[in-house]
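Below is one structure, written out as structure tokens; the observations come after it.
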Amino acid sequence: MNYDNLINKLENLKNNENKFSFISEFIINHLNKINNYNINQLAKATFSSSATIIRMCKEIGLQGYKQLIIILTSFNTNKHPNNHNKLDSTLTKIKTNLDATNILLNFEII
1 MNYDNLINKL
11 ENLKNNENKF
21 SFISEFIINH
31 LNKINNYNIN
41 QLAKATFSSS
51 ATIIRMCKEI
61 GLQGYKQLII
71 ILTSFNTNKH
81 PNNHNKLDST
91 LTKIKTNLDA
101 TNILLNFEII
């Protein structure tokens, strides 16, 4: 299952007013930080149980909560692939500036 399919299934659960709708709504509303929740924390935040969360995951075709988190996390990681490029660019600029400063220093005075 890919990220888009997962989001569609969560949206369907949310809109169907069933026992999983509040959990799916919470996940959708907290996509950027849901990977910080373990199953017990999510259960507490959604006033449900870990067993209910596992049943919801199985209802939408997942093996369990870990697979849900893996799919959501992989999307968030792939969503910003340029982060490494930005870091490399920043580090290169810092190194260039340090080298330029080093050239300007007069070590005889220091």
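To convert, note that position 20 of the sequence shown is 20 in UniProt numbering; the numbers rise steadily by one, no gaps. Even for Gly, the Cβ is constructed at its ideal location relative to N, Cα and C. In this text, all values refer to a predicted model and were calculated from it rather than measured experimentally.
(request) My understanding is that A43 touches I53, with C-beta atoms under 8 Å, so please give their C-beta distance in whole angstroms. (result) Between A43 and I53 the beta-carbon gap is near 6 Å, inside 8 Å, which marks them as a contact.
(request) Pull up the distance between the alpha-carbon of L31 and that of L91, whole angstroms please. (result) The alpha-carbon of L31 is positioned some 30 Å away from that of L91.
(message) Just to confirm the assignment: which complete alpha helix (DSSP H) runs, minimum length 4, are found wholly within the stretch 22-86?
(response) Runs found: 39-45, 50-59, 65-79.
(message) Taking the alpha-carbon of A51 as reference, which of L6, D99, K19 has the nearest alpha-carbon?
(response) Closest by C-alpha distance to A51, out of L6, D99, K19, is K19.
(request) May I have the straight-line CA-CA distance separating residue 117 from N2, to the nearest angstrom? (result) As shown, the chain starts at 1 and ends at 110. That puts residue 117 outside it, with no answer to give.
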